[in-house]
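Chains as they are written, first to last, in UniProt numbering: chain A, 1 to 387; chain B, 1 to 262.
Don't be surprised by glycine CBs; every beta carbon is placed ideally from N, CA and C.
Remember, predicted model here, so these are calculated numbers, not experimental data.
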């Protein structure tokens, strides 16, 4: 950093035995060049190659109307100033991305793949690999987050999953496994939604079904006990019978009255009187069955029967309604089912792009040089006070 | 011997800056104690108003982000920036007689102001946040270290800018005319009173490249448990602060000779 050395210093050093460049800039070398060289040496000579596999996926529902990719612009403009503008579909997409970044996914992936052996592959260098051979869940999660990136893009709805590993096939397998885990999670979400939507209506359907069965049972019981199918019908038949009998009785009485001239004891009048007596007995019996209090009397039964029939009708209508609701809920659940759509399959990396050796080295160099410059300027300012 | 003189120079500078801070305190707030009260009253009043506006807002942010501390933090930290940025132009002008003393440098004068503003901001923030917490309108900071880191970034940024402004106005008085308009434009651009999360997408990413938005995000990340630091890129943030500070120091050093000669 010769440019930062004040000009008067340069002219001064012209005359005396010229000190070497290294001596004059020893602080710059010690604080900037040496650390950068050290880190660069590590990165270029020892740091293990890391391969990155990348996959993109999309969470969408079969419902064409809402959610999915369309959430972007307008919904968010409206949501501005509030808490996000997220539709249902992107909420689900975020939940999958969130899951893939969680201890839950780490545990599931570890069960399937043995993450420790991937993160501690023999090729790995000492610094970037997983340090512990038998890590606690938290340590494993921290390392996992360093190697696996989950990035959800609100605009496109695409989630980008990147996996870094020391072998190309490890990166690809881990990415594929994580995709599968994501799919399983989507299915679990679907299942949960289905139970949530369908279960409540199913419970109501079962209730309605049981009620209808109970009413039908009571109706059957009533019919068995009363020995009639429909008291209204039997009532009508009884009334007609009574009317017919009364008509017959009246005509018989008229005939008897017409026989007034005949001797009271003539066999004709005796036979007529017997007929009148039996018909009037039949009328009394029929009337008693219609309105009396005896077992099987129509008038007593018809009230109970009407109530039962109304209950039966209500229960049947309720059953129909809940059945329709249940069908609709199932159709809704099916329509809102989510799918994990693979946009980009996990690739098998061929070239190791990580660690980003040049980027890290340059960042460090510039950062240290800046810090050195600031420090030099401040120190120079301090020195002014002693002048 | 070299170390000795550096130590001596440092202790001289320390006492110079200390004396400048005392001088600044007296000139700004007077000798009566009521003067200091305005230090608290001004931000308290304004953050209360901001908080009131947010209370009435049906779209008020998520539950864990309370409007009162939101306004409080945004306002107190932003006026620290504004005080450093907009008052920097007067530093040399008001203190020219002091420059006859060889021990007093422009850097010392700007640093004295910067330290005073920083101390005032921290005290005011602590007192008002404490009061709001006691009143039940706020929670204590969820991540105090992140809050301090954000404040430190903002201070370094403001300090570097004030060095730049101070040097620039000394070269050309016309710069003064631009300082205030710029500070007003920065009020909405800085992200002091909104979260990046609330912006629609294309603008959110663009705004997140402006370092001040990241500083305020970091400060809020420190205060609110529910505020994620999604848009804070530590390397970028530190770099931008360092670049501004470096340029500021360089500018003041370049100008120093002009003042001496003049």
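- Per DSSP, reduced to three states, the secondary structure at residue 162 of chain A is strand.
- Identification of chain A residues near residue 253 of chain B by a Cβ-Cβ cut-off of 8 Å yields 377, 380, 381, ordered along the chain.
- Taken through DSSP and simplified to helix, strand or coil, residue 152 of chain A comes out as strand.
- For residue 48 of chain B, the three-state secondary structure derived from DSSP is helix.
- Under the Cβ distance rule, residue 159 of chain B does not count among the residues neighbouring chain A, no pair being separated by less than 8 Å.
- The three-state secondary structure of residue 196 of chain A, taken from DSSP, is helix.
- Taken in chain order, the whole alpha helix (DSSP H) runs of length 4 or more contained in the segment 234-309 of chain A are 267-291.
- Taking the Cβ atoms as the reference, residue 198 of chain A lies roughly 16 Å from residue 338 of chain A, outside the contact range of under 8 Å.
- If you look at residue 140 of chain A, you'll find it in the alpha helix (DSSP H) that goes 137-147.
- Contact between the segment 319-329 of chain A and the segment 236-252 of chain A is absent: fewer than 3 CB-CB pairs across the two stretches fall below 8 Å.
- Contact between the segment 213-230 of chain B and the segment 140-156 of chain B is present: 3 or more CB-CB pairs across the two stretches fall below 8 Å.
- Per DSSP, reduced to three states, the secondary structure at residue 178 of chain B is helical.
- Residue 380 of chain A is positioned such that its CB atom lies no closer than 8 Å to that of residue 32 of chain A.
- Closer than 8 Å to the CB of residue 96 of chain B there is not a single CB belonging to chain A.
- Remark: three or more beta-carbon pairs, one from each stretch, lie closer than 8 Å, so the segment 78-85 of chain B and the segment 180-190 of chain B are flagged as touching.
- Excluding the 5 residues flanking it on each side, residue 210 of chain B has same chain C-beta neighbours closer than 7 Å at 189, in chain order.
- Under the 8 Å criterion on CB atoms, residue 103 of chain A is classed as non-interfacial with respect to chain B.
- The segment 299-376 of chain A contains, as complete beta strand (DSSP E) runs of 3+ residues, the segments 338-344 (chain order).
- If you draw a straight line from the Cα of residue 44 of chain A to the Cα of residue 24 of chain A, it is about 29 Å long.
- Relative to the Cα of residue 213 of chain A, the nearest Cα in the group A:365, A:333, A:259, A:314 belongs to A:314.
- Secondary structure of residue 231 of chain B (DSSP, three-state): coil.
- When DSSP states are grouped into helix, strand and coil, residue 24 of chain A belongs to the helix group.
- Under the Cβ criterion of 8 Å, residue 31 of chain A is not counted among the residues facing chain B.
- The DSSP-derived three-state label of residue 184 of chain B is helix.
- By the CB criterion at 8 Å, residue 5 of chain B and residue 386 of chain A fall inside the cutoff.
- At least 8 Å separates the CB of residue 170 of chain A from every CB of chain B.
- A residue is called buried once 16 or more other Cβ atoms fall within 10 Å of its Cβ, and residue 138 of chain A, having fewer, is exposed.
- Taking CB atoms only, residue 341 of chain A has no neighbour in chain B less than 8 Å away.
- About 6 Å separates the beta carbons of residue 111 of chain B and residue 17 of chain B, which is inside the 8 Å limit, making them a contact pair.
- Residue 100 of chain B sits in a helix when the DSSP states are folded into three classes.
- By the Cβ test, the segment 250-266 of chain A is not in contact with the segment 213-232 of chain A, since fewer than three Cβ pairs between them sit closer than 8 Å.
- The residues 286, 289, 290, 298, in chain order, have a CB closer than 7 Å to that of residue 238 of chain A in the same chain once the five nearest residues on each side in sequence are set aside.
- Not a single CB atom of chain B sits nearer than 8 Å to the CB of residue 333 of chain A.
- Annotated three-state conformation of residue 123 of chain A is coil, per DSSP.
- Among the residues facing chain B, residue 360 of chain A is not included, as its CB has no counterpart in that chain under 8 Å away.
- The C-beta of residue 374 of chain A comes closer than 8 Å to at least one C-beta of chain B.
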